[in-house]
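In our numbering, the protein residues as written are 56 to 356.
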Amino acid sequence: MDAAVASELDPHLRVVDAHTHIFSPDVVRGRVAYVGRDLWFEHLYANPKALLISAEDLIASMDVAGIDQAVVCGFPWHDLGICREHNDHLAESCARSGGRLSWLGIVSPLSGPMAVREAERCFRLGAAGLGELNADAQRFDLREPARLAGVVDVCVAAARPLMLHTTEPVGHSYPGKGTATPDRVIAFLRAFPDLRIVAAHWGGGLPFYELMPEVAQLATKVVYDTAASTYLYRFQVFRTVLDVVGPERVLFGSDFPVLRQDRFLRRVRETPWRDRDEARAVLGGNARRVYGLTAFQGADR
Ligand SMILES: [Zn+2]
56 MDAAVASELD PHLRVVDAHT HIFSPDVVRG RVAYVGRDLW FEHLYANPKA LLISAEDLIA
116 SMDVAGIDQA VVCGFPWHDL GICREHNDHL AESCARSGGR LSWLGIVSPL SGPMAVREAE
176 RCFRLGAAGL GELNADAQRF DLREPARLAG VVDVCVAAAR PLMLHTTEPV GHSYPGKGTA
236 TPDRVIAFLR AFPDLRIVAA HWGGGLPFYE LMPEVAQLAT KVVYDTAAST YLYRFQVFRT
296 VLDVVGPERV LFGSDFPVLR QDRFLRRVRE TPWRDRDEAR AVLGGNARRV YGLTAFQGAD
356 R
């Protein structure tokens, strides 16, 4: 089915952006102080042109783009204390959003029992999952999964997913690329067959290796989000990955403010969808299922 037809047929499609990042006013206004407190934050945000946005900025962008709901992440702080502050801010912002925003709790997974307790606290506060965990920012190694078991067990017990920053072993370099490549992700998957994983940024190319049966078998509980897609791949990646992994395992996500939501969504709507159900799944249904979101009941757009 032709893409333009799909969007015309479904003008009221309930879109979920499954990957965004927001910060508290403290961090937005006090960027310089946080640059001094976290190396990965310095790496990404020492440049004053790198955008830091608030919950209000996100909702304004969603209104422009015609996006009903978003899943918000904080930042993969190395210090558990800053993670905790960010989680409090995410919980409050989402509670105030009237159902528009859901959040993922962030923990620094090598912080031992304190990390486990913070993960449990996030779920008590209503987090939809944990993430975006980042091996480089938080200095853990996916090839040493036993050290991550405490936090993973909390997700499995709560039947909630873990979103992981993943990256390509090839191609251009960029700030934040890191080393969480498909080979390392596979070591992690092998250790935790019961964990639902959202592999951000198209899994660093893991879907392409799913053409190998043994990889596909390890990845059955993995779903992929499309965060920052335009910086990494041609738009053909949508059709190509959907053909390999099927319509249930791709979540539309922008990585806003990395990509502009309105422009990216407009272009993604033009994917040569197989049918209307595939478009509905990728643009919202899959995210609602994976993150256990209640459909937003606001006014029709
Ligand atoms: Zn991200």
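Every residue gets a Cβ at the ideal spot worked out from N, C-alpha and C, and that includes glycine. These numbers come from a predicted model, not from an experiment.
Check	Outcome
Name the residue from G85, R84, M117 and A88 whose alpha carbon lies nearest to the alpha carbon of G308.	M117
Answer yes or no: the CB of D310 versus the heavy atoms of ligand 1, is any distance below 7 Å?	yes
Give the C-beta separation of A254 and V240 to the nearest angstrom, bearing in mind that I take them to be a contact with Cβ-Cβ under 8 Å.	6 Å
Going straight from the alpha carbon of L185 to that of A101, what length do you get?	25 Å
What are the complete beta strand (DSSP E) segments, minimum 3 residues, inside the region 162-225?	184-188 and 217-219
Should L291 go down as buried or exposed, given a rule of 16 or more other Cβ atoms within 10 Å for buried?	In the sequence under discussion, the amino acid at residue 291 is Gln, which differs from the Leu named in the question. With fewer than 16 other Cβ atoms within 10 Å, it is exposed.
Following the continuous alpha helix (DSSP H) through H144, name the residue where it begins and the one where it ends.	L135 to A150
For G129 versus I108, is the C-beta spacing smaller than 8 Å?	no
Under the rule that 16 or more other beta-carbon atoms within 10 Å means buried, what is Q193, buried or exposed?	buried
Output the distance between the C-alpha atoms of F293 and P327, rounded to the nearest integer angstrom.	9 Å
DSSP puts S157 in a beta bridge; with which residues?	V126
Are the beta-carbon atoms belonging to A242 and P200 less than 8 Å from one another?	yes
How big is the Cα-Cα spacing for G301 and V82?	39 Å
For E147, which residues in the same chain have their Cβ closer than 7 Å to its Cβ, ignoring the five residues on either side in sequence?	none
Start and end of the alpha helix (DSSP H) containing H98?	L94 to Y100
Quick one: what's got a C-beta closer than 6 Å to A190's C-beta in the same chain, skipping five residues either side?	L197 and A235
For Y229, does the three-state DSSP call read helix, strand or coil?	coil
CA-CA distance, L338 and R69?	8 Å
Under three-state DSSP, which class holds Y288?	coil
In the DSSP assignment, the alpha helix (DSSP H) including A350 goes from what residue to what residue?	Element bounds for A350: n/a, residue is neither H nor E.
CB-CB under 7 Å to Y288, same chain, minus the five flanking residues each way: which ones, in chain order?	W257
Rounding to the nearest angstrom, what Cα-Cα distance links R249 and H98 in this structure?	Before going further, note that residue 249 is Asp rather than Arg in the sequence given. Approximately 34 Å between the Cα atoms of the pair.
My parser needs the alpha helix (DSSP H) runs of 4 or more residues fully inside the region 253-330; what are they?	261-264, 268-273, 284-287, 291-300 and 316-324
Do Y286 and Y229 have their beta-carbon atoms positioned less than 8 Å apart in this structure?	yes
Determine the DSSP secondary structure at V70, reduced to helix, strand or coil.	coil
With D298 and A120 assumed to form a contact (beta carbons below 8 Å), what rounded beta-carbon distance in angstroms separates them?	Actually they are not in contact, since the Cβ atoms of D298 and A120 sit about 26 Å apart, beyond 8 Å.
Which term fits M267, buried or exposed, when burial requires 16 or more other beta carbons within 10 angstroms of its beta carbon?	exposed
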